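Residues in the sequence shown are numbered consecutively from 92, following our numbering.
Step one of this worksheet: look at the structure below.
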Amino acid sequence: MRKVLDEQTICAAALALIDREGTFSLAQLASHLGVRAPSLYTHVPNKDAIVEGVRHLVVSGIDYSAFALEPWDAALGAWARSYLDAFAAHPNTIRLLATTPVRADALLRQYEAAVACLLRAGWPSSEVMHVITAVESYVLGSALDVAAPPSMVDSSSEYQLLNRVVAAQSPSRARESFEAGLTALLTGFTQRLKTVT
92 MRKVLDEQTI
102 CAAALALIDR
112 EGTFSLAQLA
122 SHLGVRAPSL
132 YTHVPNKDAI
142 VEGVRHLVVS
152 GIDYSAFALE
162 PWDAALGAWA
172 RSYLDAFAAH
182 PNTIRLLATT
192 PVRADALLRQ
202 YEAAVACLLR
212 AGWPSSEVMH
222 VITAVESYVL
232 GSALDVAAPP
242 SMVDSSSEYQ
252 LLNRVVAAQS
262 PSRARESFEA
272 GLTALLTGFT
282 QRLKTVT
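The structure is reproduced here in C-alpha cells:
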C-alpha cells in the first residue's frame, strides 16, 4: 500500500534522501515514495517548495527564545548552540540550504527576533546582518566539524607536533572547538559594538 502523499510527507522523504545521499532529485524522491514524479506536483508546486519544506523541518526545532529574554550576546550564543544541533543532525543539508534564498517562516521568524534583539542592544542597522551572517557562517562550518569523524588527521604521519596536539584532544573536541570559537566571536563583536555606536 502506498503512503498517502502530502507536502509534509514529501519534504520529510526529501530530507531523508539528503541525509543519506547528500542531495535529491525529483525522480529519486518519487521513486522513494513509490509514485511517479508528476504525482508530486499535486502537493507541491516545484522543487524550490520542497527545499523550503526541508529547511522548515531542519530549522523549526532551533530555539530562539533567548532573543526576547537575554542580552544580545547571550542570546546569540544560545541561538548558535541550538542552530548547531539542528544542522549537525543534518549536515548534508548545509550546502543546499546555505545557497538558496530563505522563504521558510520558521527561519524568517528567527531572523526577525535576532534583528530586534540586536537593534535594542544598540547595533546600527548597517551592522546587524554582518553579525547574524558571521554567526551563521561559523555555526554551519562547525556543524560539519561536529558531524565529521573525531580526527581528520592521519596519526601515522611524520608531523610530530601535529600528532602531539591531535592526541591531546578530547573525544568532544568538535564541541569544545565550537565553544572556543563562539566565545572569541562574541568577544570580538562586543568590542566591535563599542566602535560602531
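Quick reminder that beta carbons are idealized off the backbone N, C-alpha and C, glycines included.
Predicted model only: the values in this text are computed from it and were never measured.
Straight-line gap, A140 to S246 (C-alpha atoms, nearest Å): 45 Å
Residue environment, D164, which counts as buried when at least 16 other CB atoms sit within 10 Å: buried
Three-way DSSP call (helix, strand, coil) for H134 in this model: coil
Buried or exposed (CB count within 10 angstroms, at least 16 for buried), Q201: Note on Q201: 16 or more other CB atoms within 10 angstroms of its CB, so buried under the neighbour-count rule.
Three-state secondary structure assigned by DSSP to T114: coil
Chain-order list of residues whose beta-carbon lies under 6 Å from that of V237 (same chain, five-residue window excluded): A179 and A265
Cβ-based burial, M92 [other Cβ within 10 Å; buried from 16]: Confidence is the limiting factor: at M92 the pLDDT is only 47, short of 50, which leaves the residue's position unreliable and the question unanswerable from this model.
For T288, the three-state DSSP class (helix, strand or coil): coil
Integer-rounded CB distance, given that I185 should sit under 8 Å from L148: L148 to I185, Cβ: 14 Å. No contact.
Residue from A259, V145 and A171 with nearest C-alpha to S156: A171
Option in P262, R211 and V95 with minimal Cα separation from P162: R211
Residue interval of the alpha helix (DSSP H) (run including S173): Per DSSP, S173 belongs to the alpha helix (DSSP H) from W163 to A179.
Pair within 8 Å by beta-carbon distance, F158 and C208: yes
C-alpha gap between T114 and L277, whole angstroms: In this structure, the straight-line span from the alpha carbon of T114 to that of L277 is close to 33 Å.
Spatial neighbours of S261 in its chain, beta-carbon cut-off 8 Å, leaving aside the 5 residues before and after: E267
C-alpha gap between A105 and S263, whole angstroms: 30 Å
Contact set for A118: own chain, Cβ-Cβ below 6 Å, skip 5 residues either direction: A128
Burial state of E203, where buried means 16 or more other Cβ atoms lie within 10 Å: exposed
Integer Cβ distance of S233 from L175, believed to fall under 8 Å: Yes, they are in contact, since the Cβ atoms of S233 and L175 sit about 6 Å apart, within 8 Å.
Three-state class that DSSP yields for M243 in the structure shown: In this structure, M243 counts as coil in the three-state DSSP scheme.
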